[in-house]
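According to our numbering, the sequence shown is numbered sequentially starting from 72.
Heads up, the beta-carbon is just placed ideally off N, CA and C, and yes, glycines get one too.
These numbers were taken from a predicted model, which means no experiment stands behind them.
Here's the structure we're looking at; comments come further down.
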Amino acid sequence: MEHGASTSSYESALSQWRQECAAANAQWRTAWSAAIDGMPAVETNPHRALRATAATLAEAANPAVASLNLHSLPLPRFPGQTRRLSHLEHITISAAGLLELPQSMQDFANLQTLTLEQNPIRSLPASISHLSQLRQLSIVFCRDLTELPRNLAIRNASGQYEGLINLQTLQLLGTGIRVLPTSIMFLENLKRLQVMHSPLAQLAINIHHMPMLEELDLQGSALRNYPPVTRGRAPLKRLNLRDCSELVTLPRDIHTLTQLEELDLRGCNRLEALPPTIAALPAACTIRVPPHLQAQLDRLRQHIMPPRQDRTARVDTNPRRAPMTDTAGASSSGTALTGMEARKDALERIDTTAHALLSVVVDDERNPFIEGAPSYLPEKRPSGTPTTLGEVPALKKMLDESRDPDFLTRVQAMAGDTPRVEGMTGEDLSDHYTAVSNWKAQKNAHLGIVDHLGHYVYHQNSEINASTLAKAVQMWKTRELLVDARPQDRPQFPLFTLYPPEDAHERSDGE
């Protein structure tokens, strides 16, 4: 009887929530409609969509349910009685018109991953710092979000840190954030910090003192000066400054990043010179630079590295050959590489080309699958430019390929089985969630995905925009990986003519 009364109480709260959201739809409907525009098989009637959201929330209130996934259904704000969702471990809210999170975020005490994508949210409540079990926080394309709470973690009276102390991944992609709070330094377990395609203009000088930080990805940020390392203790392995077009200086002590494995400076065209100490980075560190800095990098590293190791730092600066046949995948280098080296070289070129294509789509707002890479934006698109996927031969071919059961089976095989939990420590669970996320990304990296009704999300009449082209780039990469694994399948997945940016042509010395 008590359980029934409890359920009835939450149903009443959801009913009241629906009425309030419907009455205030002017606050959220425009943003929600814009986010779902072009999505097939999505409920666009706000009243029916709110009912579907309420049903999803009611289901999530079941203690046996661990995840709340809302995609394209409206959730301007959470209904009352948030404690009903205290058992949830994972929350994803995408294209939901979300305006705010509850002030009582402490009610979500068991939350381990939180993803907000394509929502008009402007700020996060200070109470988010009470999510001590949170392992991953991802905020993607929430462009109205301009700052994070001041105190992500604090030091208590006994000298111990409290707050998001177990956070291991912080991803901020396509937000309006310009400055990170100084309290980010207290996130002692943070391993991955990604602030990509944002107006971030400065970085705290003690960023390198974070004891667990392995990956710092600032691609496409507005950073002008990278801070000194100053005897930092961060075990940084990957530093991505690609397309930081405002960057003008690197620190003289960059060589003290003794565990660095990858440094990407491509697209940093205002960077006039490299610090000489860059040559003292680990010999195995892969350094990628803009064409105008390649000769300087070669000279510096020649004095430090044995000649045979130069390849790890080389980037071909040959002039762009357009159009380009997508030989990034299964072709082999003209140099005498061993089988393993050739495979590594091919995989790296696939990845590099995919990044370049995605940069054309996201940063330049152009279509690299059409000659001349014209803009896909309606206001910039030249007259006569194809506007749907089916009008572009390469995209139509990939759509057809993605319907092939054999292709889907091979993609599934490449992704492998669902990752298993290897242990129950915090690090084990974090690694598991990361592995699951990567597994899902690999499994869905094609144009043949279906929605909850079993309908194809992408089809010949789908509009060409940033979302559809980004998925097409993923599909291109997937098919190249399949051919790399089984070169005899090239006739099934023929070469395309691509129109990437100039710096996409990274080739080996012998090409």
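Environment of G443 [buried if 16+ CB atoms lie within 10 Å]: Taking the first residue of the sequence shown as 1, we reach residue 443 at position 372. It is exposed - the Cβ of G443 has fewer than 16 other Cβ atoms within 10 Å.
Extent of the continuous beta strand (DSSP E) run through S165: In the sequence shown, residue 165 corresponds to position 94, counting from 1. Taken as a continuous stretch (DSSP letters only), the beta strand (DSSP E) holding S165 covers 161-165.
Those residues which DSSP pairs with A224 across a bridge: The residue labelled residue 224 in the question sits at position 153 within the sequence shown. Beta-bridge pairing links A224 to G234.
Neighbourhood of A272 by C-beta distance below 6 Å, restricted to the same chain and skipping five residues each side: Counting from one through the sequence shown, the residue named residue 272 turns up at place 201. Cβ neighbours of A272 beyond the five flanking positions: R249, A293.
Beta-carbon contacts of P147 that lie in its chain and below 6 Å, excluding the five residues immediately before and after: Locating residue 147 in the sequence shown gives position 76, counting from the first residue. Closer than 6 Å at Cβ, skipping near neighbours: C92, W99, G168, L170.
The segment 541-549 in contact with the segment 513-523 per 3-pair CB rule at 8 Å: yes
The alpha helix (DSSP H) enclosing H363, as first and last residue numbers: On the sequence shown, residue 363 is found 292 positions in, with the first residue counted as 1. 362-373 is the span of the alpha helix (DSSP H), which, as asked, contains H363.
contact_flag[the segment 551-562, the segment 414-432] where n(CB pairs < 8 Å) is 3 or more: Verdict: yes, contact present.
Residue interval of the beta strand (DSSP E) (run including L187): On the sequence shown, position 116 is the one that residue 187 refers to. Per DSSP, L187 belongs to the beta strand (DSSP E) from 184-188.
CB contact flag (R337, R370, <7 Å): Against the sequence shown, residue 337 aligns to sequence position 266. Against the sequence shown, residue 370 aligns to sequence position 299. In this structure, R370 does not lie closer than 7 Å to R337 by Cβ.
Closer than 6 Å: S83 CB and nearest the ligand COA heavy atom: As far as ligands go, the structure on display features none, and thus does not contain the ligand COA.
Neighbour-count burial assignment, L448, 16 or more Cβ in a 10 Å radius: As a first step, residue 448 must be located in the sequence shown, where it is residue number 377. Answer is exposed; the Cβ neighbour count stays below 16.
Own chain, CB closer than 6 Å to G461, minus 5 neighbours either side, in chain order: Indexing the sequence shown from 1 puts residue 461 at position 390. So the qualifying residues of the chain are K467, Q531.
Identity of the residue in H201, A486, L244 nearest V266 by Cα: Here the question's residue 266 lines up with position 195 in the sequence shown. Per the Cα distances, L244.
Separation of E286 from L307, as counted between CA atoms: In the sequence shown, residue 307 corresponds to position 236, counting from 1. In the sequence shown, residue 286 corresponds to position 215, counting from 1. The alpha-carbon atoms of L307 and E286 are separated by roughly 6 Å.
Three-state secondary structure (DSSP) of Q90: Stepping through the sequence shown from its first residue, residue 90 is reached at position 19. Three-state DSSP puts Q90 in a helix.
Local conformation of D324 per DSSP, three classes: Translated into the one-based positions of the sequence shown, residue 324 becomes position 253. It is coil, neither helix nor strand.
Contact belief for H158 with N190 at Cβ below 8 Å, rounded distance in angstroms: Start at 1 with the first residue of the sequence shown, and residue 158 comes out as number 87. Start at 1 with the first residue of the sequence shown, and residue 190 comes out as number 119. No, H158 and N190 are not in contact; Cβ-Cβ is about 23 Å, not under 8 Å.
The alpha helix (DSSP H) enclosing T124, as first and last residue numbers: Residue 124 sits at position 53 when you count from the first residue of the sequence shown. Note, T124: alpha helix (DSSP H), 117-131.
Check whether T153 and S175 have beta carbons under 7 Å apart: Counted from its first residue, the sequence shown places residue 153 at position 82. Counted from its first residue, the sequence shown places residue 175 at position 104. Yes, the Cβ-Cβ distance between T153 and S175 is below 7 Å.
At least three beta-carbon pairs within less than 8 Å, the segment 230-238 to the segment 206-218: Under the three-pair Cβ rule at 8 Å, the segment 230-238 counts as touching the segment 206-218.
For R263, the residue or residues it bridges with in DSSP: Here residue 263 is taken as the residue at index 192 of the sequence shown, counted from 1. Answer by DSSP bridge pairing, in chain order: T240, E286.
Helix, strand or coil at Y527 [DSSP, three-state]: Here residue 527 refers to the residue found at position 456 of the sequence shown. Strand at Y527.
Proximity to A541 [Cα-Cα], best of P150, V433, R304: Indexing the sequence shown from 1 puts residue 541 at position 470. It is V433.
Check whether I192 and L216 have beta carbons under 7 Å apart: On the sequence shown, position 121 is the one that residue 192 refers to. On the sequence shown, position 145 is the one that residue 216 refers to. Cβ distance < 7 Å, so I192 and L216 count as in contact.
Boundaries of the alpha helix (DSSP H) in which S229 is found, first to last residue: Counting from one through the sequence shown, the residue named residue 229 turns up at place 158. Premise fails: S229 is in no alpha helix (DSSP H) and is neither H nor E.
Among G230, A344, C356, P439, nearest to V319 - alpha-carbon criterion: One-based indexing of the sequence shown puts residue 319 at position 248. The candidate whose alpha carbon is nearest that of V319 is A344.
Distance, R122 Cα to L334 Cα: Stepping through the sequence shown from its first residue, residue 334 is reached at position 263. Stepping through the sequence shown from its first residue, residue 122 is reached at position 51. About 49 Å.
Per-residue DSSP class, three states only, for T424: Taking the first residue of the sequence shown as position 1, residue 424 is located at position 353. Note: T424 maps to helix in three-state DSSP.
Cα-Cα separation between L141 and K511, rounded to whole angstroms: By one-based count along the sequence shown, residue 141 stands at place 70. By one-based count along the sequence shown, residue 511 stands at place 440. About 17 Å.
Enclosing beta strand (DSSP E) for E333 [first to last residue]: Within the sequence shown, numbered from 1, the residue matching residue 333 stands at position 262. Element bounds for E333: 333-335.
Beta-carbon proximity list for R263, same chain, < 6 Å, skipping 5 on both sides: Your numbering for residue 263 matches position 192 in the sequence shown. These residues qualify, in order along the chain: T240, E286.
Backbone secondary structure at T101 - three-state DSSP: Within the sequence shown, residue 101 is the residue found at index 30, counting from 1. DSSP places T101 in helix when its eight states are reduced to three.
Proximity to S200 [Cα-Cα], best of F212, V211, P173: Here residue 200 corresponds to residue number 129 of the sequence shown, with the count starting at 1. Checking every option, the nearest Cα to that of S200 belongs to P173.
Boundaries of the beta strand (DSSP E) in which L208 is found, first to last residue: For this step, residue 208 is matched to residue 137 along the sequence shown. Its beta strand (DSSP E) spans residues 207-211.
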